[in-house]
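Residue numbers (my numbering), protein chains in the order written: chain A, 1 to 112; chain R, 1001 to 1145.
Every residue, glycine too, gets a C-beta built ideally from N, C-alpha and C.
Comments concern the structure below.
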Amino acid sequence: MMINVEQQDEISIISLSGRLDGTTMGEVEQRFLELLGQGMKQFVFDMSELEYISSAGLRVMLLSVKKTRAIAGKIALCKLNANVQEVFQISGFSTIFEIFPAREEALQFIRA
Amino acid sequence: MIMRRHFVTVSSDLLHWNQLRQHIALFCDEQQISQEVMLQLQLVCEEWFINIITHGYQKLSKEKQSSSEIHFQISYNSDDDEILIYFIDYAPAFDPLRQETPNVALSAEEREIGGLGIYLMKELMDCCTYQRIDECNHLKLYKRM
């Protein structure tokens, strides 16, 4: 699992690559909580390199959206591959998150 | 009938999940099963594997554990064009087919994560059967290709 974070203005862009499963969820959770602890409130998860997500990975994503909304922040996802998209659809997570095909659209949603 | 099988027995430790998923990848590669289906099979197996550990073995005290192994088999029947995944474990009885279906229409604030793994497993497979035989959980998961 690779987690890359870049800042664009006030927005943290978190790029995930590899597998978000029971063995890697802790790393993502820790990184997200660090950003939150630094006062970040706006997040875009770029999932273009994310190959796989399981319910353990969904747990971290749910935590992220709950924590962000609790502080009146904003969160968006972009570039989900077909497999990840399917898991989001079955679990109903596609209606919980704002999901965009391109990173720029996700950034526009956050800025709006 | 052409039937190809892979067997593996792993101990119930989350670290062994990587070992199991590599077996699935290898099997799918040999059978020329698509990447898309391979990822679905890995997902289904991860959900059940973690379930066995968290709802099964972790709830047992060490003395009460006769075995903490998980037996896993994946096979492909070319006549029926069907994949069968078969898990056996020694944890307390747990029937995934009798678990409540989570409400996937709830908002983020109302959502709880529990039960999603089993739900994903049932949704991605075509048929699941559970039996408790001789103090073991037997779960069979079928997927038509």
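At the C-beta level, Ile-75 (chain A) and Phe-43 (chain A) come within 7 Å of one another.
Rounded to whole angstroms, the separation of the alpha carbons of Lys-67 (chain A) and Gln-8 (chain A) is 20 Å. Of the other Cβ atoms in all chains shown, 16 or more fall within 10 Å of the Cβ of Ala-106 (chain A); this residue is therefore buried. Beta bridge pairing from DSSP links Ile-99 (chain A) with A:Leu-77.
DSSP places Gln-1022 (chain R) in the uninterrupted alpha helix (DSSP H) bounded by 1017–1030.
Distance from the CA of Phe-1027 (chain R) to the CA of Gly-73 (chain A), rounded to the nearest whole angstrom, comes to 44 Å. Ala-1091 (chain R) does not reach chain A, its nearest Cβ partner there being about 17 Å away, counting only Cβ pairs nearer than 9 Å.
Ala-82 (chain A) sits exposed, since fewer than 16 C-beta atoms from the chains shown fall within 10 Å of its C-beta. Rounded to whole angstroms, Glu-29 (chain A) and Phe-1087 (chain R) show a C-alpha spacing of 30 Å. In the DSSP assignment, Tyr-1130 (chain R) forms a beta bridge with R:Leu-1139. In this structure, the beta-carbon distance from Val-87 (chain A) to Ile-53 (chain A) falls below 7 Å. Distance between Glu-1110 (chain R) and Cys-1127 (chain R), taken at the CA atoms: about 30 Å.
Against chain R, the CB of Val-60 (chain A) has no partner CB under 7 Å away; the residue lies outside that interface. Under the DSSP assignment, Asn-83 (chain A) falls in the alpha helix (DSSP H) whose first and last residues are 82–90.
In the three-state DSSP reduction, Leu-1120 (chain R) falls in the helix class (H, G or I).
Proximity of chain R to Thr-23 (chain A) at the Cβ level (cut-off 8 Å) is accounted for by Leu-1014, Leu-1015, Trp-1017, Asn-1018, in chain order. Secondary structure at Ser-1107 (chain R): coil, using DSSP grouped into helix, strand and coil. At a Cβ-Cβ threshold of 7 Å, Ala-1091 (chain R) and Tyr-1057 (chain R) count as neighbours. With contacts defined as CB atoms closer than 7 Å, Gln-1040 (chain R) and Leu-1139 (chain R) fail to qualify as a contacting pair.
DSSP, read as helix, strand or coil, puts Glu-1046 (chain R) in helix. Spanning the alpha carbons of Gln-1019 (chain R) and Phe-1072 (chain R) requires a straight line of approximately 11 Å. Within the same chain, and ignoring the five residues on either side of Gln-1099 (chain R) in sequence, the residues whose Cβ sits closer than 7 Å to its Cβ are Gly-1115, Ile-1118.
By DSSP's assignment, Gly-18 (chain A) forms a beta bridge with A:Leu-50. Residues of the region 1076–1108 of chain R whose Cβ lies closer than 9 Å to any Cβ of chain A, in chain order: Pro-1102, Asn-1103, Val-1104, Ala-1105, Leu-1106, Ser-1107, Ala-1108.
Between Val-1008 (chain R) and Asp-1029 (chain R), the alpha-carbon positions lie close to 17 Å from each other.
Thr-1101 (chain R) is bridged by DSSP to nothing; it lacks a bridge partner. The closest CA to that of Gly-57 (chain A), considering only A:Glu-6, A:Leu-20, A:Thr-95, is found on A:Leu-20. Under the DSSP assignment, Gln-8 (chain A) falls in the beta strand (DSSP E) whose first and last residues are 2–8.
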